[in-house]
Amino acid sequence: LTYLLFEAQEEESYIRSVKQEVEELFGTINLSHLYFAKKTLRKILRVINKHSRYSGEKQTDIELRIFFCHQLQDSGIPFRRNTALSNLYDGQLKKINNVLVTLHEDLQHDYTREISKLQEEKDTGKTTWTLFRGKKKN
Numbered sequence: 003l004t005y006l007l008f009e010a011q012e013e014e015s016y017i018r019s020v021k022q023e024v025e026e027l028f029g030t031i032n033l034s035h036l037y038f039a040k041k042t043l044r045k046i047l048r049v050i051n052k053h054s055r056y057s058g059e060k061q062t063d064i065e066l067r068i069f070f071c072h073q074l075q076d077s078g079i080p081f082r083r084n085t086a087l088s089n090l091y092d093g094q095l096k097k098i099n100n101v102l103v104t105l106h107e108d109l110q111h112d113y114t115r116e117i118s119k120l121q122e123e124k125d126t127g128k129t130t131w132t133l134f135r136g137k138k139k140n
């Protein structure tokens, strides 16, 4: 109801506020064990799914899922080494691609470039992590 009353007219500000909430949730991820990280990531996805349903806009859904994938890559969680987390990431890419097909061609082209970057970064493994606690190896 809050979405319909206050935020339906300004979809961009709604997306920004949800992205800010997701960013804050990424800051609360417990990096001591992959199990806890996975639980928090699923919680974040529940928030994204909830806000996507409220909006009903396909662009909003795609933008939030792309943002989630970027945040996951930048978080320092070695999701490529864990099957469950890798499947979680791949599932988001599949959902993005399923919604992408229904959009206008111009929007498809814009988002396709963004998605190909996400896929490329996942496949190449942009960073190498020595420890799970977020210490990068340069």
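By the numbering used here, the letter at position 45 of the sequence shown is numbered 47, and the numbering carries on one by one without gaps. Even glycine gets a Cβ: it sits at the ideal position worked out from N, Cα and C.
For residue i, which of the options has the nearest alpha-carbon?
i          : options            : result
residue 71 : 47, 36 and 34      : 47
residue 27 : 50, 36 and 118     : 50
residue 73 : 18, 19, 118 and 29 : 29
Would residue i pass as a contact of residue j if the rule is Cβ separation under 8 Å?
i           : j           : result
residue 62  : residue 13  : yes
residue 16  : residue 64  : no
residue 54  : residue 43  : no
residue 79  : residue 120 : no
residue 100 : residue 36  : no
residue 40  : residue 87  : yes
residue 104 : residue 60  : yes
Mind checking which residues open and close the alpha helix (DSSP H) that includes residue i?
i           : result
residue 101 : 85-102
residue 106 : Note, residue 106: premise wrong, no alpha helix (DSSP H); not H, not E.
Complete alpha helix (DSSP H) runs within the segment 4-40 (minimum length 4 residues, chain order): 13-29
Whole alpha helix (DSSP H) elements within the segment 48-87, 4-residue minimum: 60-76
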